Structures are given as C-alpha cells and as structure tokens.
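Below: the structure, in structure tokens.
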Amino acid sequence: MTAEHAKRYPHQFSGGQRQRICIARALASNPKLIIADEALSALDVSIQAQIINLFMELQEEHGIAYLFISHDMAVVEKMSHRVAVLYLGQIAELGSRQQVLETPTHSYTKRLLSAVPVADPTIERSLGRLTGEIPSPVRHVSDEPLIVSHKEVAPGHFVADAS
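Printed below as a string of structure tokens:
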C-alpha cells in the first residue's frame with residue numbers, strides 16, 4: 050500500500066485489503082497467538098486463498114499460533130493442525146485434523162461433515178437429522194455449571210461422552 054492509502058476510509062478498501070490491514074494491526078504487537086473469528090467468511094474464494102497463504106507464511110516466519118474459528122470446513126482442513134468441533138458451546142470432538150475430519154466419532158461431527166457440499170454429482174450423500182431434543186443454551190445463574198466429560202477414543206482424539 051502507498052502513503053495515499055492512509056487517507057482512505059475503511060469502506061474505500063476491498064475486502065481483501067481490509068483483511069490484510071486487520072492482520073497487520075494484529076501483528077503490530079508481535080503476538081504469540083492470534084484469534085481469528087470467521088476471518089475469511091466475507092471474502093471470495095480467490096481472496097480467501099491469498100489470506101490463507103498469508104496466514105501460513107506469517108506462521109512459518111514468526112512462529113505464531115492461531116485459534117481459527119470457522120464454519121467453512123475447507124478452510125478448517127487447510128488451516129488446522131488440530132480441530133475442535135463445538136456443539137451448543139461445548140467441545141463435542143477434539144483431535145488432529147486427520148482424526149476429526151477423516152474419522153469423526155461424535156454424531157454432531159459426522160452430521161456436520163456430511164453437510165459439506167461435494168462437487169461430484171455422482172456421489173450420493175445422506176444428510177440425516179440429529180435426533181433427540183436440543184438442550185437450551187440458556188442457563189440460569191443458580192444452575193450448576195455444565196461439565197462435559199470427554200473420552201479418549203485414540204491418542205490425542207477426544208469425544209464428548211454421552212453418559
């Protein structure tokens with residue numbers, strides 16, 4: 050960017066430029082961790098790829114860790130070393146990228162992955178429905194804290210215990 054860009058308002062930048070500015074601001078304090086919440090969701094695929102590459106280059110150069118929050122499973126697959134799947138604010142499944150995305154164990158993770166569109170029209174997929182009643186995410190102050198136990202189904206691969 051040039052000095053002329055300093056006179057611009059945020060709305061005068063493209064989505065990709067605004068994202069790069071946000072990344073530059075985050076890097077100004079030399080962080081060890083960057084939390085990126087849906088950092089790519091409003092960008093088109095080509096700009097997403099550029100920003101992903103930038104994140105990965107910065108990680109390599111500066112040793113930065115990311116807590117990358119996304120609903121886009123293609124982005125999760127590209128960016129992640131470890132994956133945590135949340136269901137109603139609780140970790141339903143946690144493990145390496147390969148463990149969670151290739152051999153999901155929790156029913157919610159399986160349903161989530163089955164909902165990802167596939168470009169091949171010859172592949173048939175059953176989306177199925179989650180059964181049972183969804184618990185209310187609203188908790189009263191007087192309620193006991195919700196504690197979800199997890200079992201280790203493989204080394205480093207944890208799944209919320211239904212019991």
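Going left to right, the sequence shown walks through residues 50 to 212 as the working numbering numbers them. Quick reminder that beta carbons are idealized off the backbone N, C-alpha and C, glycines included. It should be emphasised that the depicted structure is a prediction, and the values quoted were computed from it without experimental measurement.
C71 sits close to A88, with the two beta carbons spaced by under 9 Å. Between I96 and G65, the C-beta spacing is below 9 Å.
Where I96 is concerned, the enclosing alpha helix (DSSP H) starts and stops at 94-111.
As the crow flies, the alpha-carbon of F62 is around 14 Å from that of A52. When C-beta atoms of the segment 98-115 are compared with those of the segment 136-151, fewer than three pairs fall below 8 Å, so the two segments do not count as touching. Going by beta carbons, D121 and S90 fall inside the 9 Å limit.
Here K56 carries a helix assignment [DSSP, helix/strand/coil].
The DSSP assignment places 122-128 as complete runs of the alpha helix (DSSP H) inside the segment 107-148, in order along the chain (cut-off: 4 residues).
Where L82 is concerned, the enclosing beta strand (DSSP E) starts and stops at 82-86. Rounded to whole angstroms, D210 and R69 show a C-alpha spacing of 40 Å.
Assignment of A73 by DSSP, reduced to helix, strand and coil, places it in the helix class. In the structure shown, E201 adopts extended strand secondary structure according to DSSP, grouped into three states.
In this chain, the beta strand (DSSP E) harbouring F207 covers 206-209.
Taken through DSSP and simplified to helix, strand or coil, L89 comes out as coil.
Per DSSP, the continuous alpha helix (DSSP H) segment holding T158 begins and ends at 156-163.
Out of A75, V94, L135, the CA that lies nearest to the CA of L107 is found in A75.
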